[in-house]
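**Q**
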Amino acid sequence: MTHEVRGVVAKAKGAPVSVETVLVPDPGPGEALVKVQACGVCHTDLHYREGGINDEFPFLLGHEAAGVVEAVGDGVTEVEPGDYVILNWRAVCGQCRACLRGRPWYCFNTHNAKQKMTLADGTELSPALGIGAFAEKTLVAAGQCTKVDPEASPAAAGLLGCGVMAGLGAAINTGGVTRGDSVAVIGCGGVGNAAIAGARLAGAAKIIAVDIDDRKLDWAKGFGATHTINSSGTDPVEAIRELTGGNGADVVIDAVGRPETYEQAFYARDLAGTVVLVGVPTPEMRLELPLLDVFGRGGSLKSSWYGDCLPSRDFPMLIDLYRQGRLDLDAFVSETIALDEVEAAFTKMHHGDVLRSVVVFP
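Residue numbers (the working numbering): -10 to 351.
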């Protein structure tokens, strides 16, 4: 059986997205059909539209999603129809060298659904991050579904599927923030503010937010920043050092992903401190640092892929914290919108007007 649904499609590089009829097949072996309840508008979706990921147009956009499993294919044991799930884009294989060494968050063989969703004329769609959740239903690998507490709001829970998990994980998993640490976060959009929330959860004593937009710095205070720096008129390296006894922060998280912000993060950390890059750079960007400084400052320079998360471990835990009132996922939801408002949401995101617009399905 084929399911006819509405979905947001990017047909050509830079062209406005459109709502199209999408044909979704029943799940085959190892696959799950999910009725999407909510999906966040992430900057990665805009990257797809702009051709910044690859040129495999047309794309079925959307990936930060929560919904209910409607059907599963043969061999699926992880979930069953009726399960409330968050979708993830790193369904681990369990067999690659990373998985076998006990580091499944680095899985080298993550997988997606094998069958293709199509437009009404049969044109195959490339689902964003193997998910394609700006649609009433989507087809994914069963391992991309993580069962969580069904009492959690879909609009909030779905954000763990990408940006919020990336930021939280950058602080907790990659950065190893712990009690009493000083932490600086450069860039206070959705990912950066999630890193701030993660640092607070981990018990950081001092959390310094850095941005060029006072509005975003105000948001950062709400997520747990103890100090803010507007770097449009202040040297952030010197300001972070001044706030940390002249030493620099124990962990500095670059949630922007540009050479200049990475250099700031590098010099704003304490000796033997940690830099975490979670902002995604573009292919043409290059970084130049004196190798002697890299050697002499010691510590760790890390990249955070999806917050180095393991969805089966992290999603239920974070949803429990949300349900306990210890993690305010609702605060990341700036607005809820309809499916045909995604293009307008991209504009708001580009202007920095929102943390997250979230498509909510009736």
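Yeah, the Cβ is synthetic: ideal placement off N, Cα and C, and Gly gets one too.
Because the structure is a prediction, the values reported are computed rather than measured.
Within 8 Å, do at least three Cβ pairs link the segment 185 to 199 to the segment 208 to 226?
**A** yes
**Q** Distance check for K0 and V6, CA to CA, integer angstroms please.
**A** 7 Å
**Q** CA-CA distance, K24 and L344?
**A** Computed Cα separation, rounded: 25 Å.
**Q** Return yes when the Cβ of E67 is within less than 8 Å of the Cβ of A131, no when it is not.
**A** Taking 8 Å as the Cβ cut-off, A131 and E67 qualify as a contacting pair.
**Q** Alpha carbons only, please: which of D34, L50, V13, E252 is nearest the one belonging to D110?
**A** V13
**Q** Let me confirm a value: D243 is counted as buried when at least 16 other C-beta atoms fall within 10 Å, else exposed. Which label applies?
**A** Counting C-beta atoms within 10 angstroms of its own C-beta, D243 has 16 or more neighbours from the protein chains shown and is therefore classed as buried.
**Q** Take L22 as the anchor and find which of V65, D202, V8 has the nearest alpha-carbon.
**A** V65
**Q** Can you say whether E273 is buried or exposed, counting buried as having 16 or more other CB atoms within 10 angstroms of its CB?
**A** exposed
**Q** Mind checking if G234 is an interface residue toward chain D, Cβ cutoff 8 Å exclusive?
**A** No chain D is present in this structure, which holds just one protein chain.
**Q** Are there three or more Cβ pairs, one per stretch, closer than 8 Å when the segment 33 to 42 is compared with the segment 132 to 148?
**A** Taking a contact to require three or more Cβ pairs closer than 8 Å, the segment 33 to 42 and the segment 132 to 148 do not qualify as touching.
**Q** Closest to L266 by C-alpha separation, out of R258, G246, L278, A257, would be which residue?
**A** G246
**Q** Do the segment 145 to 158 and the segment 67 to 76 make contact, defined as three or more Cβ pairs closer than 8 Å?
**A** A contact exists between the segment 145 to 158 and the segment 67 to 76.
**Q** Can you tell me the Cα-Cα spacing of L310 and P300, whole angstroms?
**A** 15 Å
**Q** What are the start and end residues of the alpha helix (DSSP H) that includes I120?
**A** Where I120 is concerned, there is no enclosing alpha helix (DSSP H), given that its DSSP letter is neither H nor E.
**Q** Between which two residues does the alpha helix (DSSP H) holding A183 run?
**A** 179 to 191
**Q** Can you tell me which of the three DSSP states I197 falls into?
**A** In the structure shown, I197 sits in a strand (DSSP, three-state: E or B).
**Q** With distances taken Cα to Cα, identify the nearest neighbour of V264 among V241, E252, P248, L276.
**A** V241
**Q** Under 8 Å, with one C-beta from each stretch per pair, do the segment 81 to 98 and the segment 112 to 124 reach the 3-pair mark?
**A** no
**Q** Which residues does DSSP pair with N219 in a beta bridge?
**A** D200
**Q** Within 10 angstroms of its Cβ, does S221 collect 16 or more other Cβ (buried), or is it exposed?
**A** exposed
**Q** Please name the residue in V8, H32, A4 whose C-alpha comes closest to that of K337.
**A** With distances taken between Cα atoms, K337 lies closest to H32.
**Q** At a threshold of 7 Å, does V23 count as lining the ligand NAD (C-beta to nearest heavy atom)?
**A** This structure lacks the ligand NAD; in fact it carries no ligand of any kind.
**Q** Helix, strand or coil for R275, going by three-state DSSP, please let me know.
**A** coil
**Q** Does the pairing of the segment 155 to 171 with the segment 325 to 332 give three or more beta-carbon distances under 8 Å?
**A** Taking 8 Å as the limit for Cβ pairs, the verdict is that the segment 325 to 332 does not touch the segment 155 to 171.
**Q** Pull up the distance between the alpha-carbon of Y256 and that of K103, whole angstroms please.
**A** Take the alpha-carbon of Y256 and the one of K103: they are about 45 Å apart.
**Q** Taking only runs that begin and end inside the segment 211 to 255, name each unbroken alpha helix (DSSP H) of 4 or more residues, in chain order.
**A** 225 to 232
**Q** Under 8 Å: do the segment 284 to 300 and the segment 152 to 167 share three or more Cβ pairs, one atom per stretch?
**A** yes
**Q** Taking only three categories from DSSP, how would you classify G288?
**A** coil
**Q** With 16 other CB atoms within 10 Å as the buried threshold, where does A340 fall?
**A** A quick correction: the sequence has His, not Ala, at residue 340. Classification for H340: exposed.
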